[in-house]
Ligand SMILES: [Zn+2]
């Protein structure tokens, strides 16, 4: 389950922030997750709960914001929306589309006390 290492990476960022800003508890964590990426939101929540046990982020609510997929079509040279990984271009139906968005996992912000 690669969500485990992803959430460990997020926890690293949270702990780093906690040292820098001096907060002791995280109430809510907002994550941007690409809609057509490899990350499964349910697995992410499960792993986050497991990984943050005993840390400043223990019990924090995880708010997952889904970010839409997009790609660049080499056939008609346009940016197109993508609803699936390796999807076709919405304009010309071409398959030579390079994904440019929708695969990210980013810590957007968090509520701390
Ligand atoms: Zn196209």
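Numbering (this note's numbering), first residue to last: -2 to 110. Cβ atoms here follow ideal geometry from the backbone N, Cα and C, with glycine treated the same way.
Residue range of the beta strand (DSSP E) that includes residue 66
In the chain shown, the residue the question calls residue 66 occupies position 69. Here the beta strand (DSSP E) through residue 66 covers 66 to 70.
Note down the Cα distance separating residue 74 from residue 90, rounded to an integer number of angstroms.
Residue numbering aside, residue 74 sits at position 77 when the chain shown is read from its first letter. Residue numbering aside, residue 90 sits at position 93 when the chain shown is read from its first letter. Whole-angstrom Cα-Cα distance: 12 Å.
State yes or no: is the C-beta of residue 58 within less than 8 Å of the C-beta of residue 93?
Taking the first residue of the chain shown as 1, we reach residue 58 at position 61. Taking the first residue of the chain shown as 1, we reach residue 93 at position 96. No, they are not a contact pair.
Can you find the residues in the same chain that come closer than 7 Å, C-beta to C-beta, to residue 99, ignoring five residues on each side of it along the sequence?
Here residue 99 refers to the residue found at position 102 of the chain shown. Same-chain partners within the cutoff: 31, 32, 33, 34, 64, 65, 66, 67, 79.
When the Cα atoms are used, what is the spatial distance from residue 28 to residue 16?
Against the chain shown, residue 28 aligns to sequence position 31. Against the chain shown, residue 16 aligns to sequence position 19. One alpha carbon belongs to residue 28, the other to residue 16, and they sit about 20 Å apart.
Would you say residue 109 and residue 20 are within 8 Å of each other, going by their C-beta atoms?
Reading the chain shown from its first residue, position 112 is the one you call residue 109. Reading the chain shown from its first residue, position 23 is the one you call residue 20. Yes. Within cutoff.
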